[in-house]
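Undergrad:
Residue numbers (the numbering used here): 30 to 98.
Following this line, the structure appears as structure tokens:
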């Protein structure tokens, strides 16, 4: 169960994207936003941060072989 502070987090991410585009996001937030598109009802921030830690950059994640993701 998500904690109270996480309620509406996905909605806020999408609203921020709609208002400011990706330039307002940190790399892990871009990854998190992308993960929310294919991961229903789950907090994606931990996976996004782990991917950034492992692959170092957004480009590293996007260029990683699927079997490593």
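Cβ coordinates follow ideal geometry from the N, Cα and C atoms, glycine included. Quantities reported herein were computed from a predicted structural model and do not represent experimental measurements.
What residue from 46, 60 and 73 has the CA that sits closest to residue 85's CA?
TA: 60
Undergrad: Thinking C-alpha only, which one of 90, 49, 82 and 97 is nearest residue 107?
TA: The chain is shown only over 30 to 98; residue 107 falls outside these bounds and no answer can be derived.
Undergrad: Short check: CB of residue 43 to CB of residue 65, under 9 Å?
TA: yes
Undergrad: Give the DSSP-derived three-state secondary structure of residue 55 in the structure shown.
TA: coil
Undergrad: How about residue 54 and residue 45: are their beta carbons less than 9 Å apart?
TA: yes
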